[in-house]
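One structure is given here, and the rest of the page talks about it.
In the working numbering, the protein residues as written are 120 to 790.
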């Protein structure tokens with residue numbers, strides 16, 4: 120009872136905060152725009168910032184927020200000048216999306232006229248909500264997420280096409296100044312003009328079954344292909360309108376007599392069948408679908424109503440399948456995360472694709488699916504986040520192995536598992552095939568326990584208590600911390616992987632001059648397997664790193680080769696490094712300059728020890744980082760002990776055999 124009361128209180132408190140923010144923003148804008156001309160515009164960034172606060176709200180609440188913002192005189196109506204301001208706002212967003220505003224602007228004006236249902240020249244809040252919920256281009260251009268849809272409804276996204284493409288409704292060519300543009304479903308590629316979207320049927324795929332009748336197969340889900348393509352059977356190019364594609368198996372067939380009978384009626388899910396969770400293996404626990412599925416409606420009028428999370432249950436036979444759960448970090452690799460997210464949703468069951476920043480119970484669902492696998496699309500931090508989330512679930516010996524699609528900056532763990540240093544926009548189909556052919560390995564993981572000795576100003580809390588890649592104190596953590604602070608203050612500067620590396624170099628240059636961690640070996644004590652290390656006998660150190668894997672700083676080998684080291688222990692120079700041997704390596708860094716030499720491959724770190732557990736005592740405020748996440752740590756006692764091993768997938772490059780086969784099966788397109 121108390122937990123329910125707390126939940127209700129938190130919800131009411133959040134609603135009160137949202138209302139106060141909306142009211143405050145409206146008052147601030149009105150006071151700043153008091154002398155503004157009638158046809159004004161509101162900064163896009165301000166709107167996006169405040170809409171992000173309403174992320175978990177319904178479209179009605181978001182529409183009401185936009186209404187209050189643009190209602191400059193506060194009379195409860197949008198007059199013609201205020202409607203014109205909304206149109207100009209959407210045109211600006213369209214330009215940012217590289218859309219042609221010449222064709223779009225008259226359509227938007229017509230939409231505004233249609234929303235005025237009583238034709239009195241102004242739009243009330245009720246008319247605005249009613250029109251907004253049934254006008255998809257309006258919500259798309261206002262920046263609302265149309266992904267919260269009823270199962271089986273289209274998810275509309277603005278899209279540019281590189282080849283001649285036709286509307287699935289009117290069959291006319293999509294045109295626009297500077298390219299072909301339209302609204303395309305992110306799930307099934309159903310494509311329409313903005314003006315035709317109201318006529319689109321509610322005919323997207325269903326991701327789970329309704330009812331208690333168990334099935335073991337399903338028919339194809341055919342969608343008319345709106346561009347010229349080759350038939351998978353006769354290999355001839357078919358004209359537009361004569362080709363159909365199955366959304367699940369991705370086969371394209373010319374709609375003529377010789378080819379259609381050659382395709383079996385039952386869908387086999389194509390080349391990626393092993394990764395896909397069939398809809399007939401997922402069912403709603405209450406045996407019912409959402410409102411539209413219960414009523415059997417085939418319309419898009421309610422497509423943008425809030426998505427009602429279904430409590431799904433996995434059941435049935437998964438023999439021959441190894442379903443893949445995909446976690447994607449939108450913030451990794453610039454816009455790569457968002458593109459990868461969309462491509463996976465077009466190839467797999469959308470229920471299998473998860474954005475890491477959104478709370479989701481899909482991992483609970485996959486606990487009941489045998490032989491499943493996990494793919495993490497992101498950097499090292501994203502991998503750590505997913506692994507920690509998996510620790511909180513009762514997989515036990517059935518814990519799924521983890522593969523990595525590297526779209527972060529460093530991607531050190533992905534390098535060690537042979538997935539490469541970065542995703543270069545290869546076909547997602549090739550990634551899925553690589554996962555199926557990969558081998559399974561064990562990855563050591565270590566627990567980080569910190570006991571604070573003394574608090575001081577500027578100290579922070581460790582972002583994680585698990586080490587997957589490395590833990591470091593000193594010069595490299597100082598550089599990472601300075602980089603982290605720069606990114607927090609001005610995130611717009613960090614828009615690409617190349618920019619990030621250049622700014623990281625700038626931070627490294629500053630640390631080379633400042634030497635904030637000079638003589639670090641005098642400020643800490645280290646115990647390895649109960650034995651104290653005398654750091655005063657070696658070179659003066661500015662950094663100490665605890666390694667679990669053989670890659671750091673985006674591909675550098677800090678442990679180095681066997682022949683070039685003379686550590687404190689004579690036996691240490693012959694030790695190899697392995698991420699599954701239950702041992703961790705301790706390496707010293709002499710300066711930021713040495714880090715640059717390590718990055719170029721000229722030098723390696725100073726080997727100190729290899730052991731099973733470590734205790735480090737620090738005597739002053741020092742920069743630290745775990746798996747690339749930095750913070751400032753007060754004097755403390757740090758204990759590193761073995762936690763567990765997780766299953767991981769290691770990529771094995773296939774042998775290249777140069778053969779040519781004109782009849783080989785084509786990989787499904789990502790676009």
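In this text, a Cβ means the ideal position worked out from N, Cα and C, and glycines have one as well.
Query                                                                                                                                                                                  : Result
Would you call the stretch 754–763 and the stretch 599–606 touching, i.e. three or more CB-CB distances under 8 Å?                                                                     : no
Taking all protein chains shown into account, decide if residue 379 is buried (16 or more other Cβ within 10 angstroms of its Cβ) or exposed.                                          : exposed
I need the boundaries of the alpha helix (DSSP H) containing residue 603, first residue and last residue.                                                                              : 594–608
Compute the Euclidean distance between the alpha carbons of residue 169 and residue 386, then round it to the nearest angstrom.                                                        : For residue 169, the predicted model reports a pLDDT of 44, less than 50, meaning its position is unreliable; a value from the coordinates is still stated below. Going from the Cα of residue 169 to the Cα of residue 386 covers about 45 Å.
Buried or exposed: where does residue 465 fall if 16 or more other Cβ atoms within 10 Å of its Cβ makes it buried?                                                                     : buried
If the criterion is Cβ atoms closer than 8 Å, does the pair residue 248 and residue 179 meet it?                                                                                       : yes
Compare the C-alpha of residue 726 against each of 181, 647, 342 and 705 and name the closest.                                                                                         : 705
Express the C-alpha separation of residue 190 and residue 184 in angstroms, rounding to a whole number.                                                                                : 10 Å
Is the beta carbon of residue 302 sitting closer than 8 Å to the one on residue 311?                                                                                                   : yes
Enumerate in chain order the residues of its own chain whose CB-to-CB distance from residue 199 is below 7 Å, with the five nearest sequence positions on each side excluded.          : 240
Within 10 angstroms of the Cβ of residue 415, are there 16 or more other Cβ atoms? Answer buried if so, exposed if not.                                                                : Residue confidence for residue 415 is low, a pLDDT of 36 falling below 50, so the modelled location carries little weight; the figure read from the coordinates is stated next. Residue 415 comes out exposed.
Taking Cβ to Cβ, would you say residue 315 is nearer than 8 Å to residue 275?                                                                                                          : no
Judging by CA-CA distance, which residue of 549, 589 and 553 is the nearest neighbour of residue 564?                                                                                  : 589
Helix, strand or coil for residue 186? Go by DSSP, reduced to three states.                                                                                                            : helix
With burial defined as no fewer than 16 other Cβ atoms inside 10 Å of the residue's Cβ, what is the status of residue 568: buried or exposed?                                          : exposed
When we look at the beta-carbon of residue 710 and count the other beta-carbons within 10 Å, is it buried (16 or more) or exposed?                                                     : buried
Under three-state DSSP, which class holds residue 529?                                                                                                                                 : coil
Can you confirm whether the stretch 548–558 touches the stretch 721–735 when touching is taken to mean that 3 or more C-beta pairs between the two stretches lie within less than 8 Å? : no
Using the DSSP secondary-structure output, state which residues sit across from residue 446 in a beta bridge.                                                                          : 473 and 495
On a CA-only basis, which of 549, 551, 529 and 181 is nearest residue 541? Give me that one, please.                                                                                   : 529
For residue 328, write down the residues that DSSP places opposite it in a beta bridge.                                                                                                : 402
Please state whether DSSP places residue 772 in a helix, a strand or coil.                                                                                                             : coil
Is residue 363 helix, strand or coil by DSSP?                                                                                                                                          : strand
For the alpha helix (DSSP H) that residue 812 lies in, which residues bound it at each end?                                                                                            : Residue 812 lies beyond the residue range present for the chain, which begins at 120 and ends at 790; the question has no answer from this structure.
Helix or strand or just coil, what does DSSP make of residue 762?                                                                                                                      : strand
Determine the direct distance from the alpha carbon of residue 497 to that of residue 638, and round the result to whole angstroms.                                                    : 36 Å
Run the CB neighbour count on residue 765, radius 10 Å, all protein chains shown included, and call it buried at 16 or more, exposed below.                                            : buried
Enumerate in chain order the residues of its own chain whose CB-to-CB distance from residue 283 is below 8 Å, with the five nearest sequence positions on each side excluded.          : 292, 299, 346, 347 and 359
Could you tell me the alpha carbon to alpha carbon distance between residue 742 and residue 575, rounded to whole angstroms?                                                           : 13 Å
Specify, as a first and last residue, the run of the alpha helix (DSSP H) that residue 792 falls within.                                                                               : A query on residue 792 cannot be resolved here, the shown segment of the chain reaching from 120 to 790 and no further.
In the DSSP assignment, find the alpha helix (DSSP H) that holds residue 626 and state where it starts and stops.                                                                      : 616–633
Answer yes or no: do residue 699 and residue 560 have a C-beta to C-beta separation smaller than 8 Å?                                                                                  : yes
State buried or exposed for residue 153, treating a residue as buried only when at least 16 other CB atoms are found within 10 Å of its CB.                                            : Unreliable placement is indicated for residue 153, whose pLDDT of 45 sits below 50; no coordinate value is reported for it.
Going by CA-CA distance only, name the one from 363, 444 and 772 that's closest to residue 492.                                                                                        : 444
Classify residue 356 as buried or exposed, calling it buried when 16 or more other Cβ atoms lie within 10 Å of its own Cβ.                                                             : exposed
Could you give the residue range of the alpha helix (DSSP H) that holds residue 726?                                                                                                   : Here residue 726 belongs to no alpha helix (DSSP H); instead the beta strand (DSSP E) covers 725–730.
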